[in-house]
Ligand code: HXC
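Numbering (our numbering), first residue to last: 957 to 1466.
The following block contains the structure:
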């Protein structure tokens, strides 16, 4: 028996060092942790249970017969995050560059199947060179099977991807089908084809960072939902994100104790909206003063900043916040921010997370740039997402709610459950200047008349009362009481049950 135990220890020891000390040192020299170090940093201490540590590839082509590396380039298993079960796979760059073989794919597939069967989140840590070139179609087939499972799990369990090194070729499409992608700055990049192929095909000279670094994907392409400075920070933030999420689409998000009083009033909010309707203010302040303990996990913070999306808690429970940001483009809806918010609203709806919407929106962004870019279709995504959502929806209009954007942003007409307005709310088809120029065009040569018409319009429409008279706004509230009003609304809606008509799936404009 002692001989057997010794042999086991020896084999485990071999597996644990992956591609060997030299490659581990090279990994560290690049400022990266190894796959196992990452798994340990992410999970609760000593909670990791590994699967398939001894799996070997079965490729015999191109000299691979004698290349034996236990684990085959990916570390897989499950563990806990603050006591809650999470499945994990981490690409091991020290083993053949973390490249994906048929057996490597089988390890990931096993974890995906277990996560789905047991309805727990799955997180993938990427640091790899794509399909294992020596394996040909076996590697491509392996990717296909991983992709298929990403799709089946979508909307059932949360799927998170963290890009911590290279992520090229086949490796990019699995993350692309998960709910969230995060990156590590300056040492991770994602692209379908790398700089060399780009040079050959398009004759462009571009570095890996310029082509697919964290700054590109968090600000330009919107592929990534956020980026962090190093592996440890990224993994700790992922633990924080997991705490906001339910295990699956039929579970509630964990309820956290909070010392923050549910009815905390904040008098400073009474002066958040400036007297001048054209002056900006920071909507994040309202979010931070509404959530428990100011704890807000922002999604896509650096992209389309005219809308804010992210998770916070109210009364200890997770809420998805969507808010126009007057500080950026006056909070206007454009294509990018509509897509960003639509995806977020759909995630919340899929996972039973109530949506709180803060509205200050002057409308949709005019111009050829937007129209040629498909603003109609992208704006429709957000409209569609709000309209189909059946989770509790609470909306607060702080200032402008103009035009179609009024309808889109969680209005009563899209089955908003509780729609509040601050006294400063202005709900109308458009602002006074544009409105008067159109409906009183014949008086344009008479400044006195125009001034009178403008005043009339502002008195009548630029207030919450016309909407409140019709029941489109349920209550006009004091800004200071926003947190307590939202909390009570969400308590009231806790058992909300609303079902859409049966369909195979909808046909959201893509
Ligand atoms: C086999 C690979 C590999 C791969 C890297 N390695 N990528 N082995 N298949 N795809 C091996 C290297 O031979 C090397 O082995 C070790 O991993 C580390 O690689 P290096 O090149 O030394 O590291 P680095 O300089 O950091 O460069 C990393 C890299 C580069 C940028 C990822 O290796 C690279 O460009 N690899 C190929 C990327 C690629 O084209 N993949 C195929 C994509 S096509 P040793 O033994 O020396 O340590 C694809 C199609 C799927 O994925 C489509 C499905 C939809």
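Backbone N, C-alpha and C fix where the C-beta goes; we use that ideal spot for every residue, glycine too.
Note that the structure is predicted; figures quoted are calculated from it, not measured.
Taking only the alpha-carbon atoms, compute the straight-line gap between residue i and residue j and give it to the nearest angstrom.
i            : j            : result
residue 991  : residue 1437 : 47 Å
residue 1291 : residue 1245 : 28 Å
residue 950  : residue 1033 : Residue coverage of the chain in this structure runs from 957 to 1466, which leaves residue 950 outside it and unanswerable.
residue 936  : residue 1046 : This structure cannot speak to residue 936, because the chain is shown only from 957 to 1466.
residue 1501 : residue 1348 : Not covered by the structure: residue 1501. The range shown for the chain is 957 to 1466.
residue 1048 : residue 1030 : 5 Å
residue 988  : residue 1120 : 8 Å
residue 1023 : residue 1011 : 13 Å
residue 1314 : residue 1352 : 5 Å
residue 1407 : residue 1361 : 27 Å
residue 1117 : residue 1389 : 47 Å
residue 1035 : residue 1115 : 15 Å
residue 1154 : residue 1128 : 16 Å
residue 1443 : residue 1268 : 12 Å
residue 1193 : residue 1397 : 55 Å
residue 1225 : residue 1242 : 7 Å
residue 1168 : residue 1433 : 46 Å
residue 1149 : residue 1124 : 7 Å
residue 1171 : residue 1255 : 15 Å
residue 1354 : residue 1456 : 30 Å
residue 1298 : residue 961  : 55 Å
residue 1000 : residue 1286 : 43 Å
residue 1086 : residue 1173 : 19 Å
residue 1198 : residue 1156 : 42 Å
residue 1339 : residue 994  : 39 Å
residue 1190 : residue 1395 : 54 Å
residue 1345 : residue 1252 : 22 Å
residue 1151 : residue 1230 : 49 Å
residue 1303 : residue 1405 : 50 Å
residue 1111 : residue 1098 : 22 Å
residue 1071 : residue 1237 : 43 Å
Thinking C-alpha only, which one of the options is nearest residue i?
i            : options                : result
residue 1343 : 1357, 1368, 1333, 1325 : 1368
residue 1145 : 1409, 1183, 1114, 1108 : 1183
residue 1067 : 1177, 1005, 1022, 1140 : 1005
residue 971  : 1027, 1366, 1015       : 1027
residue 1249 : 1264, 1052, 1273       : 1273
residue 1113 : 1148, 1202, 1128       : 1202
residue 1133 : 1181, 1241, 1392, 1355 : 1181
residue 1276 : 1366, 1130, 1064       : 1366
residue 1282 : 1233, 1400, 1051, 1455 : 1233
residue 1017 : 998, 1063, 1089, 1126  : 1089
residue 1094 : 1400, 996, 1466, 1126  : 1126
residue 898  : 1042, 979, 1025        : No answer is possible for residue 898: it lies beyond the span of the chain, which begins at 957 and ends at 1466.
residue 1138 : 1076, 1195, 996        : 1195
residue 1333 : 969, 1452, 1040, 1466  : 1466
residue 1103 : 1080, 1392, 986        : 1080
residue 1305 : 1188, 994, 982, 1452   : 1452
residue 1378 : 1370, 1152, 1371, 1357 : 1357
residue 1446 : 1412, 1364, 1308, 1053 : 1308
residue 1326 : 1135, 1463, 1289       : 1289
residue 1074 : 980, 1058, 1040        : 1040
residue 1084 : 983, 1097, 1106, 1329  : 983
residue 1015 : 1056, 995, 1037        : 1056
residue 1051 : 1412, 1316, 1009       : 1009
residue 1053 : 1037, 1025, 1359       : 1025
residue 1418 : 1228, 1392, 1448, 979  : 1392
Check whether the Cβ of residue i lies closer than 7 Å to any heavy atom of ligand 2, and answer yes or no.
i            : result
residue 1089 : Annotation note on ligand 2: not contained in the displayed structure, which lists ligand 1 as its ligands.
To test your reading of the DSSP string, which unbroken beta strand (DSSP E) runs of 3 or more residues are found completely within the region 1002-1061?
Taking only runs of at least 3 residues, the beta strand (DSSP E) segments lying wholly in the region 1002-1061 are 1005-1007, 1030-1037, 1040-1047.
Runs of beta strand (DSSP E) lying entirely within the region 1311-1346, each at least 3 residues, in chain order:
1311-1317
Which runs of the beta strand (DSSP E), 3 residues or longer, sit entirely within the region 1096-1124?
1115-1124
Can you check the region 1204-1236 for any beta strand (DSSP E) of at least 3 residues that lies completely inside it and give the ranges in chain order?
For the region 1204-1236, not a single whole beta strand (DSSP E) run of length 3 or above is found.
Three-pair Cβ contact test at 8 Å for the region 1311-1321 versus the region 1214-1225:
no
The region 1288-1303 in contact with the region 1261-1269 per 3-pair CB rule at 8 Å:
Contact annotation: the region 1288-1303 touches the region 1261-1269, with at least three C-beta pairs closer than 8 Å.
Suppose only complete runs of 4+ residues qualify. What are the alpha helix (DSSP H) ranges in the region 1376-1433, listed by chain order?
1388-1395, 1403-1417, 1421-1425
Determine contact between the region 1373-1391 and the region 1421-1433, defined as no fewer than three beta-carbon pairs at a distance below 8 Å.
yes
Just to confirm the assignment: which complete alpha helix (DSSP H) runs, minimum length 4, are found wholly within the region 1133-1169?
1151-1158, 1164-1168
Please list the segments of the beta strand (DSSP E) lying wholly inside the region 1255-1320, counting only runs of 3 or more residues, in order along the chain.
Along the length of the region 1255-1320, whole beta strand (DSSP E) runs at least 3 residues long occupy 1263-1270, 1273-1280, 1311-1317, reported in chain order.
Could I get the ranges of all uninterrupted alpha helix (DSSP H) runs contained in the region 977-1002, with 4 residues as the minimum, in chain order?
Those alpha helix (DSSP H) runs which fall completely within the region 977-1002 and span 4+ residues are 977-985, 991-998.
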